[in-house]
Each structure stands twice: as structure tokens, then as C-alpha cells.
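*Asks:*
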Amino acid sequence: MKILFLDIDGVLNSTFWNSDNEREISEGKFIDSEKVLLLSKIIHETDAKIVLHSGWRFWFDDNMKPLRDEAIYFNEILKAHNLFIYDKTPDLTTEEIRKSKKFSLVKAREILLWLNKYDSVEEYLVLDDLDLNDKEIEVHQIKTDANVGLTKENVLEAIKLLNLKTLEI
């Protein structure tokens, strides 16, 4: 099984997109559909499963049912591209981390904790705009630029990394 750990802000939206789409944001639509199209290319070329490791995961219950309008819209735009969220990472944040928004302090540990639960993961990739401060995760991460979000170059790199084992056969 291949896993794509997905962050949302700075990946499926961006600083530039946000400034041009204030009306959509006011309607709870925080996702750039062009970025979802890029994400779909990764998923369909690699058969990876999406595990949400964004703060957005708190907008879904344990069965990945949306709890907020933003999450409903996110699910709808994913479904339009035949994409689905497989799971979400556990929450290791503290009150202090949530207040300071320093999620990068625990994101790598959350990912590793999730990976330790599943023996069937053959390859994984992390899409995030933050530095996750972990050498093991770093080699599996494509760090996006929060100003532009996911790019075609990121997509090509992601497909290559996720299909690495397949190519070696």
C-alpha cells in the first residue's frame, strides 16, 4: 500500500490563490480546484491512499465524515476527481501547540505513529509546506511553497518517489 500524507494549507491552496479568491473563502471554499486536479494526477498514477495530516483532520469525525461546511466542500471537490480520504493521522498536539500554531513540532511524530500501526505500507510521501524537523520524514517529503501550493514539478517528483519500488522491479 502506498500512502500520501496530505497537508491542505500551502498545498491545495496558497497565499496567492487566497488573495485572489476572497469570495470563495468567505463561502468556506478554501480549496484551489486546480491543485486538486494536480493531486488527482499523483493519486491516479500511483494508487496511493490519502491520509490527512493537516489541521483540517479535526473537521472530520473518526469515520472521515465531514463536521464542518469547509470539510463538506473539500470532500465534494475530492469526489469530483474520484479521490477519497482513507484516514487521518493521530493528534499529538497540546494546548500550547494549538495556541501557537506550531504544528510542525508534532506532525512528523504523528505520521510515524500512523505508519507504525500499518505493516502494509510499502512507500509513503508527505506533502506539506512546513519543515517537519525529522530526518526520516524529510526523505519522504515534498515541501511545497505556501505562496504557490502544489505545482506540476511537485507532482512529477511525487509520482517518481511513490513509484520507486515499482520501477525497481
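Just so it is clear: in the sequence shown, position 30 is 30 by the UniProt record's numbering, and no numbers are missing. Don't be surprised by glycine CBs; every beta carbon is placed ideally from N, CA and C.
Does the structure place the segment 102-111 close enough to the segment 144-151 that three or more beta carbon pairs sit under 8 Å?
*Replies:* No contact exists between the segment 144-151 and the segment 102-111.
*Asks:* Taking C-alpha atoms, which residue in Asn75, Thr93, Ile50 and Ala71 lies nearest to Tyr86?
*Replies:* Start at 1 with the first residue of the sequence shown, and residue 86 comes out as number 86. Among Asn75, Thr93, Ile50 and Ala71, the Cα nearest to that of Tyr86 belongs to Ile50.
*Asks:* Using only alpha-carbon positions, find the residue among Asp69, Leu67, Leu92 and Glu123 that is nearest to Ala48.
*Replies:* Locating residue 48 in the sequence shown gives position 48, counting from the first residue. Of the candidates Asp69, Leu67, Leu92 and Glu123, the one whose C-alpha sits nearest the C-alpha of Ala48 is Glu123.
*Asks:* How about the segment 60-80 and the segment 91-108: do they share at least three Cβ pairs that are nearer than 8 Å?
*Replies:* No: the two stretches stay apart, fewer than three of their Cβ pairs being nearer than 8 Å.
*Asks:* Could you tell me which residues DSSP puts in a beta bridge with Gly149?
*Replies:* Locating residue 149 in the sequence shown gives position 149, counting from the first residue. Asp145, per the DSSP bridge assignment.
*Asks:* Using the rule of at least 16 other Cβ atoms within 10 Å of the residue's Cβ for burial, across every protein chain shown, is Thr94 buried or exposed?
*Replies:* Reading the sequence shown from its first residue, position 94 is the one you call residue 94. The residue in question, Thr94, is exposed, as its Cβ has fewer than 16 Cβ neighbours within 10 Å.
*Asks:* Using only alpha-carbon positions, find the residue among Asn82, Asp32, Leu38 and Pro90 that is nearest to Glu70.
*Replies:* Position 70 of the sequence shown, counting from 1, holds the residue named residue 70. Ranking the options by Cα distance to Glu70, first place goes to Asp32.
*Asks:* Buried or exposed for Ser26, going by 16 or more other Cβ atoms inside 10 Å?
*Replies:* Taking the first residue of the sequence shown as 1, we reach residue 26 at position 26. In this prediction, Ser26 scores a pLDDT of 49, lower than 50, which makes its location untrustworthy; no coordinate-derived value is stated.
*Asks:* Give the straight-line distance between the Cα atoms of Glu45 and Asn13, rounded to the nearest whole angstrom.
*Replies:* One-based indexing of the sequence shown puts residue 45 at position 45. One-based indexing of the sequence shown puts residue 13 at position 13. Distance between the alpha carbons of Glu45 and Asn13: 22 Å.
*Asks:* Could you tell me whether the Cβ of Lys79 comes closer than 8 Å to any Cβ of chain C?
*Replies:* Of the protein chains in this structure there is only one, and it is not chain C.
*Asks:* Within this structure, are the beta carbons of Asp143 and Asp131 separated by less than 8 Å?
*Replies:* For this step, residue 143 is matched to residue 143 along the sequence shown. For this step, residue 131 is matched to residue 131 along the sequence shown. It is worth fixing the name first, because residue 143 is Lys in this sequence and not Asp. Going by C-beta atoms, Lys143 is nearer than 8 Å to Asp131.
*Asks:* Can you give, in chain order, each stretch of the alpha helix (DSSP H) that sits fully within the segment 79-105 and has at least 4 residues?
*Replies:* The segment 79-105 contains these whole alpha helix (DSSP H) runs: 95-100.
*Asks:* Are Leu127 and Asp7 closer than 8 Å when you measure CB to CB?
*Replies:* Taking the sequence shown and counting its residues from 1, the one referred to as residue 127 is at position 127. Taking the sequence shown and counting its residues from 1, the one referred to as residue 7 is at position 7. Cβ distance < 8 Å, so Leu127 and Asp7 count as in contact.
*Asks:* Can you tell me which of Leu164, Lys152 and Leu161 puts its alpha carbon nearest to the alpha carbon of Ser40?
*Replies:* Taking the sequence shown and counting its residues from 1, the one referred to as residue 40 is at position 40. Taking only the C-alpha atoms, the option nearest Ser40 is Lys152.
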